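Numbering (the UniProt record's numbering), first residue to last: 1 to 365.
C-beta atoms are modelled at their ideal positions from N, C-alpha and C, and glycine is treated no differently.
For clarity, every value in this text was computed on a predicted model and none was experimentally measured.
What follows is a single structure, written as structure tokens, with notes after it.
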């Protein structure tokens with residue numbers, strides 16, 4: 001069981017109003033007959049799967065997409081009776097559990113069906129087509145036809161959906177995207193029977209591309225108010241509202257003299273009299289060592305993290321003395337997840353997913 005640090009002044013705030021607003025804007029951006037599926041995998045990208053799922057459903061999401069079976073089971077245990085698709089691999093040994101919980105799963109290998117015991121109730125499946133992502137999926141038209149025949153041969157397996165995933169939907173150059181889209185359309189048109197849910201769009205494609213002719217979009221990173229990539233930010237059809245902020249407080253403030261050092265390795269040396277503050281947050285919380293040199297915010301003023309980030313603490317340089325208990329914004333406001341991602345040479349997805357379970361989440365409704 002994860003131990004949550006409710007008795008330490010370090011926390012995350014999740015604005016559920018922002019999540020709802022992002023969903024409502026995307027729904028308005030879609031054709032009326034195209035459903036929005038909320039992607040809540042990875043603990044809702046670090047935002048909290050159950051609370052986010054509640055907000056998404058209230059905002060009009062028609063179901064959920066997750067990566068692993070346990071995430072789907074957590075939603076069922078929390079009382080969600082909506083459509084749920086597991087987009088990752090699920091072992092055949094869990095087929096009866098999946099069917100009993102009315103969870104839809106992804107098929108990408110016809111051998112998965114060989115020797116499958118009789119399912120009661122029927123097993124709902126979505127066939128994954130690899131049109132150029134190179135991850136899970138069938139890679140040829142013949143493989144898709146073989147899978148369709150194998151499903152049709154059973155009365156206990158329902159061909160509910162077919163989908164693919166785009167590799168470059170978040171880029172301005174659409175050549176590779178168009179190649180994948182064309183390939184997927186050919187596959188759908190070649191099917192003997194069109195399944196009920198044909199879907200291909202992630203957040204970027206769902207916002208930027210016409211979804212006419214499809215049945216659903218998988219709304220992921222942008223549901224949380226984060227752009228799929230900085231490259232497409234200027235062409236997004238609506239403004240996204242970031243939902244997550246990461247806070248802590250100063251627990252000690254002290255004055256250093258010239259020559260004093262800070263943290264492991266003594267990598268930082270004061271060159272003058274200066275004030276510093278110790279913050280009760282570190283790499284065990286997802287504020288990793290690479291945040292050294294990153295600027296956090298106090299009342300809109302940016303202040304650098306100095307020395308090495310420790311497991312549970314880090315130190316920032318102050319422009320002058322602050323009182324103990326002063327609130328510090330680690331992520332949010334001027335130092336957004338996108339700014340943090342640039343500092344860490346990564347993507348905003350990783351910034352929120354990194355935040356540890358021991359950091360408590362406070363929800364704004």
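When 179, 268, 245, 170 are compared, the shortest CA-CA separation from residue 228 is found for 170.
Its chain contains 35 as the residues whose beta carbon lies nearer than 6 Å to that of residue 62, once the 5 sequence neighbours on both sides are disregarded; these appear in chain order.
The stretch 75-134 is shown to contain whole alpha helix (DSSP H) runs of 4 or more residues at 95-100, in chain order.
Under the DSSP assignment, residue 218 falls in the beta strand (DSSP E) whose first and last residues are 216-219. Around the beta-carbon of residue 269, fewer than 16 other beta-carbon atoms lie within 10 Å, marking it exposed. By the C-beta criterion, the stretch 287-299 is judged not to be in contact with the stretch 230-238, since fewer than 3 inter-stretch pairs fall below 8 Å. In this structure the stretch 13-25 lies against the stretch 239-253, because at least three pairs of beta carbons, one per stretch, are closer than 8 Å. Assignment of residue 277 by DSSP, reduced to helix, strand and coil, places it in the strand class.
In this structure, the beta-carbon distance from residue 225 to residue 74 does not fall below 8 Å. For residue 147, the enclosing alpha helix (DSSP H) has its first and last residue at 141-152.
Selection 76, 351, 79, 92 evaluated against residue 242 yields 351 as nearest (Cα-Cα).
Inter-residue distance for residue 131 and residue 291 is about 37 Å (C-alpha atoms, whole angstroms).
Checking the DSSP bridge columns, you'll see residue 323 has no partner listed. Per DSSP, reduced to three states, the secondary structure at residue 222 is helical.
Counting only the Cα atoms, residue 143 lies some 58 Å from residue 278. Judged by their CB atoms, residue 199 and residue 217 are nearer to each other than the 8 Å cut-off. Boundaries for residue 236: no alpha helix (DSSP H) harbours it, and the DSSP string shows neither H nor E there.
Taking C-beta atoms as the reference points, residue 288 and residue 304 fail to come closer than 8 Å. In the displayed model, residue 14 falls within a strand according to three-state DSSP. For the 8 Å CB-CB criterion, residue 334 and residue 302 form a contact. Residue environment for residue 202: buried (at least 16 other C-beta atoms within 10 angstroms of its C-beta). Non-local C-beta neighbours of residue 42 in its own chain, meaning closer than 6 Å and more than five positions away in sequence, comprise 353, ordered along the chain. Around the beta carbon of residue 22, 16 or more other beta carbons sit within 10 angstroms, so the residue counts as buried.
In this structure, DSSP gives residue 180 a helical state, which the three-state scheme calls helix.
Of the other Cβ atoms in all chains shown, fewer than 16 fall within 10 Å of the Cβ of residue 364; this residue is therefore exposed.
In this structure, residue 133 sits away from residue 157, with a CB-CB distance that is not shorter than 8 Å.
Burial state of residue 117 is exposed, judged by a 10 Å Cβ sphere holding fewer than 16 other Cβ atoms.
Secondary structure in the stretch 247-278: the beta strand (DSSP E) runs of 3 residues or longer, each lying completely within the stretch, are 252-256 in chain order. Counting only residues of its own chain and dropping the five nearest sequence neighbours on each side, residue 110 has a CB closer than 6 Å to the CB of 146, 147, 150.
Residue 64 and residue 344 have their C-alpha atoms some 30 Å from each other. DSSP places residue 206 in the helix class (H, G or I) of the three-state scheme. Per DSSP, reduced to three states, the secondary structure at residue 335 is strand.
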